[in-house]
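Protein chains in written order, with my numbering: chain A, 50 to 195; chain B, 79 to 222.
A virtual CB, placed ideally from N, CA and C, is assigned to each residue, including glycine.
Just so we're clear, the structure is a prediction, and the values are computed from it rather than from any experiment.
So the structure is just underneath, and the comments pick up after that.
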């Protein structure tokens, strides 16, 4: 239970890395006239690792595909898999990250393995600024008692 | 059963919300918690865990039901509109049409408190509605 309560903090860290403008250089909005549904960049078979100050990998997110819509400021990640140094592992069919509302959502089945248990549900909503994680339906969790 | 406390805890529900800032995890809709022989069913269960340390669990339902096999093989069960478990005190509090049964013995009141480590039980004390009813069946010795 303890680890699962920190999951929303982990998602907050992960979301900072998906703002890829920082890695790929700032986009000059003034020159852009983005169509709302125009994808401005893709990533395929990608893996992003965040390194902590002490040089250790704090988490890694891999995925088959990432599309980013500049106008809507949304990223859609196909087959994301998140592994953290705390032993968390999350995978699902797809995740949508909305930079405006700072929410991650999926309507697909979500599978989470933590050091002391597992959690699965259908649909997930993470409100990053509120540190709130909602498992939308079909919630099944098992906690190993230490 | 004694072994229940070491068994994995399985929680199922229609939905769940983890609120890191509030330090709560709440499960909603057809909630069931199973740990070994212990089974709790409720409409809503909230786990309070500030600083990730679980201090209390509150279940509500119409009713909340609980059952567990005792080490002597008998079945204990209980129901109430609200059940609270205070982890540090190991105190189970049943409020609202509360009833505890062990085998055929039955205890009912509007308010029951049970200390899970000492087995001490306190009931009533909440005005007229707090009347206590207890039915104990003598253990009939079989004819020698």
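Residue i - containing beta strand (DSSP E), residue span
i, result
"residue 154 of chain A", "152–163"
"residue 114 of chain B", "Taken as a continuous stretch (DSSP letters only), residue 114 of chain B belongs to no beta strand (DSSP E), as it is neither H nor E."
"residue 122 of chain A", "Segment: none, residue 122 of chain A is in no beta strand (DSSP E) and carries neither H nor E."
"residue 165 of chain B", "Counting along the chain, residue 165 of chain B falls outside any beta strand (DSSP E), and DSSP gives it neither H nor E."
"residue 97 of chain A", "88–100"
"residue 103 of chain A", "That residue, residue 103 of chain A, is in no beta strand (DSSP E); it is neither H nor E in DSSP."
Assumed close pair residue i, residue j - CB separation to whole angstroms, cut-off 8 Å
i, j, result
"residue 178 of chain B", "residue 185 of chain B", "5 Å"
"residue 116 of chain B", "residue 88 of chain B", "In fact, because the Cβ distance is near 11 Å, the residues do not count as touching under 8 Å."
"residue 94 of chain B", "residue 108 of chain B", "Going by Cβ atoms, the distance from residue 94 of chain B to residue 108 of chain B rounds to 12 Å, so no, they are not a contact pair."
"residue 114 of chain A", "residue 90 of chain A", "No, residue 114 of chain A and residue 90 of chain A are not in contact; Cβ-Cβ is about 12 Å, not under 8 Å."
"residue 167 of chain A", "residue 157 of chain A", "The pair is not a contact, with the Cβ atoms about 17 Å apart (cut-off 8 Å)."
"residue 174 of chain B", "residue 154 of chain B", "With 8 Å as the limit, residue 174 of chain B and residue 154 of chain B do not qualify as a contact, their Cβ atoms being about 19 Å apart."
"residue 144 of chain A", "residue 155 of chain A", "5 Å"
"residue 177 of chain A", "residue 152 of chain A", "7 Å"
"residue 127 of chain B", "residue 133 of chain B", "7 Å"
"residue 189 of chain B", "residue 197 of chain B", "Going by Cβ atoms, the distance from residue 189 of chain B to residue 197 of chain B rounds to 18 Å, so no, they are not a contact pair."
"residue 120 of chain A", "residue 87 of chain A", "6 Å"
"residue 144 of chain B", "residue 156 of chain B", "5 Å"
Residue i (DSSP reduced to helix, strand or coil)
i, result
"residue 84 of chain B", "helix"
"residue 177 of chain A", "helix"
"residue 71 of chain A", "For residue 71 of chain A, the predicted model reports a pLDDT of 48, less than 50, meaning its position is unreliable; a value from the coordinates is still stated below. DSSP places residue 71 of chain A in helix when its eight states are reduced to three."
"residue 150 of chain B", "coil"
"residue 128 of chain B", "helix"
"residue 185 of chain B", "strand"
"residue 195 of chain B", "coil"
"residue 129 of chain A", "coil"
"residue 135 of chain A", "coil"
"residue 210 of chain B", "coil"
"residue 142 of chain A", "coil"
"residue 169 of chain A", "strand"
"residue 101 of chain B", "coil"
"residue 180 of chain B", "strand"
"residue 66 of chain A", "The predicted position of residue 66 of chain A is uncertain, since its pLDDT is 49 and thus under 50; a value taken from the coordinates is nonetheless stated next. Three-state DSSP puts residue 66 of chain A in a helix."
Beta-bridge pairing of residue i - partner residues as DSSP gives them
i, result
"residue 89 of chain B", "A:190 and B:111"
"residue 201 of chain B", "B:190"
"residue 182 of chain A", "A:175 and B:96"
"residue 136 of chain B", "B:124 and B:162"
"residue 169 of chain B", "B:164 and B:193"
"residue 119 of chain B", "B:110 and B:143"
"residue 112 of chain A", "A:95"
"residue 147 of chain A", "A:123 and A:152"
"residue 174 of chain B", "DSSP lists no partner for residue 174 of chain B."
Any non-hydrogen atom of the ligand ADP closer than 7 Å to residue i Cβ
i, result
"residue 114 of chain A", "The ligand ADP is absent from the structure shown, which contains no ligand whatsoever."
Examine the Cβ distances between the segment 137–153 of chain B and the segment 175–190 of chain A and report whether three or more of them are shorter than 8 Å. Look at the beta carbons and you see the segment 137–153 of chain B not touching the segment 175–190 of chain A: under three pairs across the two are nearer than 8 Å.
Contact the segment 120–128 of chain B vs the segment 149–158 of chain B: 3+ CB pairs below 8 Å: Too few Cβ pairs lie closer than 8 Å, so no.
Count the C-beta pairs between the segment 123–141 of chain A and the segment 96–109 of chain A that are closer than 8 Å, then say yes if the count reaches three, no if not. Enough Cβ pairs lie closer than 8 Å, so yes.
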